[in-house]
Each structure stands twice: as C-alpha cells, then as structure tokens.
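**Q** Residue numbers (our numbering): 65 to 348.
First, the structure itself, so that you have it in front of you.
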Ligand SMILES: C[S@@+](CC[C@H](N)C(=O)[O-])C[C@H]1O[C@@H](n2cnc3c(N)ncnc32)[C@H](O)[C@@H]1O
C-alpha cells in the first residue's frame with residue numbers, strides 16, 4: 065500500500081491499487097496549537113525559506129520535523145511507517161504532507177501573478193491537503209482567515225502550525241492571530257461531514273491532492289458543499305501521476321460526470337514534468 069511517485073514515467077518501482085483493499089481512514093479532528101508557541105525560538109533556529117518571486121515564507125526543515133515526530137511517544141506514528149517504507153506516502157496512514165511538493169510553487173506563483181484578481185483580504189480560505197501549509201500561509205499573510213487541513217495530525221503539529229507561527233511578525237499578538245487559523249486532521253470525507261453546514265470558503269487552494277483517484281468523490285463533495293456560491297477552487301497538480309492512477313484529465317472527467325461544478329485550465333507548465341492549475345467554480 066505504499067507509493068513512490070514515478071513522475072518521469074519510467075521504471076515504475078512500486079505502485080498499488082487501493083480499490084480492493086479496505087482502508088480505515090482516520091476521522092477528522094481539530095488540532096489546537098499548544099506548546100508550539102513556547103518552542104518557537106528553537107523552531108526559528110532551524111528554519112528555511114520558501115522563495116517565490118518576492119514572496120518569502122519561513123518553514124521548518126523536513127528532517128528536523130521527522131526527528132521531532134519520531135521522538136514523541138505516540139502509540140501510532142505515521143511518519144515512522146513512511147520512513148520504514150522509504151515512501152512518499154503510505155495510503156491511509158501517511159499521505160505525503162511532510163515535504164513541500166512541486167505544484168505548490170506553481171500555485172503560489174500563479175496567485176502572485178494574479179493578485180489583482182484574487183483577493184485575500186478577509187477571505188475565508190481552505191488549504192486542502194496543506195502539508196507544510198505554504199498556500200494557506202500565503203493567504204494568511206495577505207489578510208485571509210485560513211483553515212489548514214492535512215490527513216496526518218503530526219504533520220499539523222510538527223510542520224504546519226510551526227510554519228504558521230514562523231510567519232507571524234514578532235510584534236503581533238500570536239494568540240490573537242491564531243484565531244484567524246484553524247487546523248483539522250483526518251480524511252476528507254470525515255472533514256466534510258463533521259462540521260457545521262455554515263462553514264464555507266471563498267477560496268479553496270489545493271496542491272498535489274489528486275494522485276489517488278479513489279479520493280476524487282471526497283474532494284468533489286468538499287468543493288460542492290464548502291465552496292461559497294461565488295467562490296473558486298484553485299487546484300494545482302501534475303497532469304499525470306504515473307504508476308498511481310490519478311491525473312488532471314481523470315479528475316476533469318469526474319467533475320463532468322458529477323455535473324455540479326465547472327472547471328477551466330488556467331495555467332500550464334511549459335517545460336519539465338507537465339503540470340497544470342485548474343480553476344473550479346459552481347455552475348451558474
Ligand atoms: C502530496 S501531499 C501535498 C502536500 C502539499 N499540498 C504540497 O503541495 O506540498 C498530499 C496532501 O493531501 C492530503 N491528503 C491526501 N489524501 C487525503 C485524504 N484522504 N484525506 C485528507 N487529506 C488527504 C495529505 O495529508 C497531504 O497534505
């Protein structure tokens with residue numbers, strides 16, 4: 065059940081289909097920032113910068129985060145499981161949130177280049193499958209209220225929340241600012257069903273979340289239920305996830321079959337591995 069992505073299309077090392085297997089997906093729960101605020105000094109010492117144009121976003125180093133996670137006494141440790149398998153992800157256990165994936169760069173660049181059209185001030189933003197949370201942090205520092213969602217609780221605790229804290233100005237009141245952020249772990253189906261009907265988003269940002277086509281209905285249901293009537297989803301992904309099954313064309317097909325939403329390709333890469341950004345809105 066573990067995957068190594070094979071972006072080049074050669075040499076499919078490990079892959080697995082999940083449809084025949086029962087996967088006990090984790091339930092959604094809210095993760096509340098606690099001791100991360102006290103540990104900020106040591107987090108800052110080991111921080112790195114995500115740089116895209118003029119935008120700089122501080123983030124913890126993956127190896128540091130892994131060391132921290134492995135040193136905790138959790139009875140179940142998803143990272144350990146991924147480490148052991150040398151895997152990018154282990155379906156239903158660890159879903160890849162520890163590192164920053166390529167399409168995050170594409171989407172931040174797109175948001176910067178379209179800042180005259182995409183307004184974050186007071187917007188309600190969902191960073192869906194956030195991992196390090198770079199997209200949500202970009203929205204946050206531009207004035208949005210942000211919900212960060214990642215499958216793995218320890219990714220939120222050891223990577224996403226420290227990253228948000230790293231990008232809050234020193235003189236600002238951390239506790240007050242964190243009121244503009246919420247953090248949820250667990251499966252998308254559970255996330256969508258657990259919370260108040262009224263929890264809606266003006267913008268949903270999501271990068272590298274469509275590799276597993278077994279999750280497409282869950283994603284589409286979130287878009288239908290949680291995207292405000294005039295809102296937009298920006299979905300950044302590789303055109304094809306070789307050896308895994310998912311890709312942009314397959315996702316578009318699912319959207320079309322469902323019928324509630326419309327999508328357009330708003331950006332395409334010109335070199336290297338093919339990548340795209342889809343803009344998805346409710347049908348008028
Ligand atoms: C490949 S990582 C991408 C992380 C980040 N968006 C980036 O671009 O760097 C996939 C993300 O989707 C989330 N994810 C995958 N499957 C999920 C599921 N069934 N329910 C909830 N989250 C899921 C993972 O936790 C992870 O954050």
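Note that beta-carbon positions come from the ideal geometry of N, C-alpha and C, so glycine has one too.
1. Tell me whether residue 132 sits in a helix, a strand or coil according to DSSP, three-state version.
2. Do residue 216 and residue 121 have their C-beta atoms within less than 7 angstroms of each other?
3. Per DSSP, which one or two residues make a beta bridge with residue 56?
4. Can the beta-carbon of residue 194 be found less than 7 angstroms from the beta-carbon of residue 238?
5. Which of helix, strand or coil does DSSP assign to residue 89?
6. Taking 6 angstroms as the cut-off, is the C-beta of residue 331 nearer than that to any heavy atom in ligand 1?
7. Quickly, what does DSSP pair residue 329 with across the bridge? List them, please.
8. CB of residue 86 to nearest heavy atom of ligand 1: below 6 angstroms?
9. Apply the 10 Å Cβ neighbour rule to residue 100 and answer buried if 16 or more other Cβ atoms are within range, or exposed otherwise.
10. Going by C-alpha to C-alpha distance, which of 114, 319, 197 sits closest to residue 287?
11. Do you know offhand how far residue 245's Cα is from residue 272's?
12. Report the start-end ranges of each beta strand (DSSP E) in the region 247-320 that is 3 residues or longer and not cut off at the edges.
13. Would residue 290 be called buried (16 or more neighbouring beta carbons within 10 Å of its own) or exposed?
14. What separation, rounded to the nearest whole angstrom, lies between the Cα atoms of residue 236 and residue 329?
15. Of all the options 155, 162, 127, 228, which has the alpha carbon lying nearest to the alpha carbon of residue 96?
16. Assign residue 167 to one of three DSSP states: helix, strand, or coil.
17. Ordered along the chain, which non-local residues of its own chain (more than five positions away) have a Cβ less than 6 angstroms from that of residue 73?
18. May I ask you to check if the CB of residue 309 is nearer than 6 angstroms to at least one heavy atom of ligand 1?
19. From residue 264 to residue 219, what does the alpha carbon distance come to, in whole angstroms?
20. Is the beta carbon of residue 340 less than 7 angstroms from the beta carbon of residue 327?
21. Suppose you measure from the CA of residue 134 to the CA of residue 126; what does that come to, to the nearest Å?
**A** Quick answer:
1. Reading the chain shown from its first residue, position 68 is the one you call residue 132. Three-state result, residue 132: helix.
2. Counting from 1 along the chain shown, the entry for residue 216 is found at position 152. Counting from 1 along the chain shown, the entry for residue 121 is found at position 57. Contact flag unset, no.
3. What the structure shows of the chain is the stretch from 65 to 348, and residue 56 is not part of that stretch, so it cannot be assessed.
4. Looking up residue 194 in the chain shown gives position 130. Looking up residue 238 in the chain shown gives position 174. No, these two residues do not count as a Cβ contact at 7 angstroms.
5. Against the chain shown, residue 89 aligns to sequence position 25. Residue state, collapsed to three classes: coil.
6. For the purposes of this step, residue 331 is taken as residue 267 along the chain shown, with counting starting at 1. Flag unset: Cβ of residue 331 not near ligand 1.
7. Here the question's residue 329 lines up with position 265 in the chain shown. Bridge partners of residue 329: 342.
8. In the chain shown, residue 86 corresponds to position 22, counting from 1. False, no ligand heavy atom lies under 6 angstroms from that Cβ.
9. Counted from its first residue, the chain shown places residue 100 at position 36. Counting Cβ neighbours within 10 Å, residue 100 comes out buried, since at least 16 surround it.
10. By one-based count along the chain shown, residue 287 stands at place 223. Nearest C-alpha to residue 287: 319.
11. Position 181 of the chain shown, counting from 1, holds the residue named residue 245. Position 208 of the chain shown, counting from 1, holds the residue named residue 272. Roughly 22 angstroms between the two C-alpha positions.
12. 265-271, 291-302
13. As a working note, residue 290 is residue 226 in the chain shown. Under this definition residue 290 is a buried residue.
14. Within the chain shown, numbered from 1, the residue matching residue 236 stands at position 172. Within the chain shown, numbered from 1, the residue matching residue 329 stands at position 265. Taking the straight line from one Cα to the other gives about 38 angstroms.
15. Taking the chain shown and counting its residues from 1, one reaches residue 96 at position 32. Looking at the Cα atoms, 228 is the closest of the given residues.
16. Working through the chain shown from its first residue, we reach residue 167 at position 103. Residue 167: helix per DSSP, three-state reduction.
17. Here residue 73 refers to the residue found at position 9 when the chain shown is read from its first residue. Residue placement at residue 73 is flagged as unreliable, the pLDDT there being 40, under the threshold of 50; the coordinate-derived value follows with that caveat. 306, listed in sequence order.
18. Sequence index remark: in the chain shown, residue 309 carries index 245 (1-based). Result no, Cβ not under 6 angstroms from ligand 1.
19. The count along the chain shown starts at 1 and reaches residue 264 at position 200. The count along the chain shown starts at 1 and reaches residue 219 at position 155. Answer to the nearest angstrom: the Cα atoms are 24 angstroms apart.
20. Translated into positions along the chain shown, residue 340 becomes position 276. Translated into positions along the chain shown, residue 327 becomes position 263. Contact flag unset, no.
21. Counting from one through the chain shown, the residue named residue 134 turns up at place 70. Counting from one through the chain shown, the residue named residue 126 turns up at place 62. Cα-Cα distance, rounded: 12 angstroms.
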